[in-house]
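Chemist:
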Amino acid sequence: MSTSGALKQYLICSQTKKGGTIFVTYTATWLDEAYYRNKDVCGVTVSNAVINRNSWSCDHWATYSFTNYKTGKTSTQSLHSKPNAYTISDSGSGVCYTVNLWGDRTSMNAVVASGAGVEHYKNEFITIKFNCEIASKKTKYVTFTSRYAHSETNKSISPSISLSSGGLSVAVSGSKTNYYNIISRNAYLPYKYI
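Residue numbers (the working numbering): 302 to 495.
1) Asn-338: which of Tyr-422, Ile-427 and Thr-440 sits nearest, CA to CA?
2) Which same chain residues end up closer than 6 Å to His-381 when comparing Cβ atoms and leaving out the 5 residues on each side of it in sequence?
3) Should the stretch 364-379 be called in touch with the stretch 307-324, which here means at least 3 C-beta pairs below 8 Å?
4) When the Cα atoms are used, what is the spatial distance from Asn-355 to Lys-319?
5) How long is the line joining the alpha carbons of Arg-406 and Tyr-336, rounded to whole angstroms?
6) Can you name the start and end residues of the alpha helix (DSSP H) that Val-406 belongs to?
7) Pull up the distance between the alpha-carbon of Asn-401 and that of Val-347, whole angstroms please.
8) Give the list of continuous alpha helix (DSSP H) stretches no shorter than 4 residues that lie fully inside the stretch 426-466.
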């Protein structure tokens with residue numbers, strides 16, 4: 302859980318047989334609506350294993366609601382997207398995605414100010430799945446570490462991302478101001494390989 306309590310991250314790993322492939326699922330869930338609605342970056346780095354090429358996927362879900370001030374009625378819509386992988390480290394030790402959170406806070410505030418109603422994005426979560434193989438037959442533990450970088454600006458930005466064994470780092474190219482808040486308390490799992 303992030304220090305603000307707004308974002309919860311977790312990792313689930315499993316094997317279907319001894320000495321087999323490790324299946325990994327990472328989920329980041331917004332428990333409170335993210336105020337800034339821009340390009341977030343999230344991913345998982347791996348040590349002592351190599352991610353299988355073309356095994357990774359990402360799904361982004363949310364429920365959009367609009368409450369009309371004049372009628373008092375609320376309408377909802379389920380949203381789903383499949384973000385493309387932004388970068389895969391050459392060593393096969395990590396995968397990350399840029400996820401464009403739906404909506405725009407400036408527009409959302411304008412809707413409220415106009416007296417038309419209020420918009421919300423609830424039940425928002427991101428899931429990354431992949432599988433991997435151990436790097437060596439002597440491997441006893443594989444370590445998985447998540448990283449989530451939340452964009453804290455209403456400006457349209459393109460993140461500069463690097464992924465290495467040291468983890469995921471995010472910055473904004475050509476800018477002295479870093480608009481990304483690296484969420485603390487990321488998920489960390491030392492997985493015992495069987």
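All residues carry an ideal CB built from backbone N, CA and C; glycine is no exception. Since we're looking at a predicted model, the values are computed, not measured.
Modeler: On the basis of the supplied data:
1) As written in the sequence, residue 338 is Arg, which differs from the Asn given in the question. Out of Tyr-422, Ile-427 and Thr-440, Tyr-422 has the C-alpha closest to the C-alpha of Arg-338.
2) Trp-362
3) no
4) 23 Å
5) 7 Å
6) The sequence as given places Arg at residue 406; Val does not occur at that position. First-last of the alpha helix (DSSP H) with Arg-406: 406-415.
7) 24 Å
8) none
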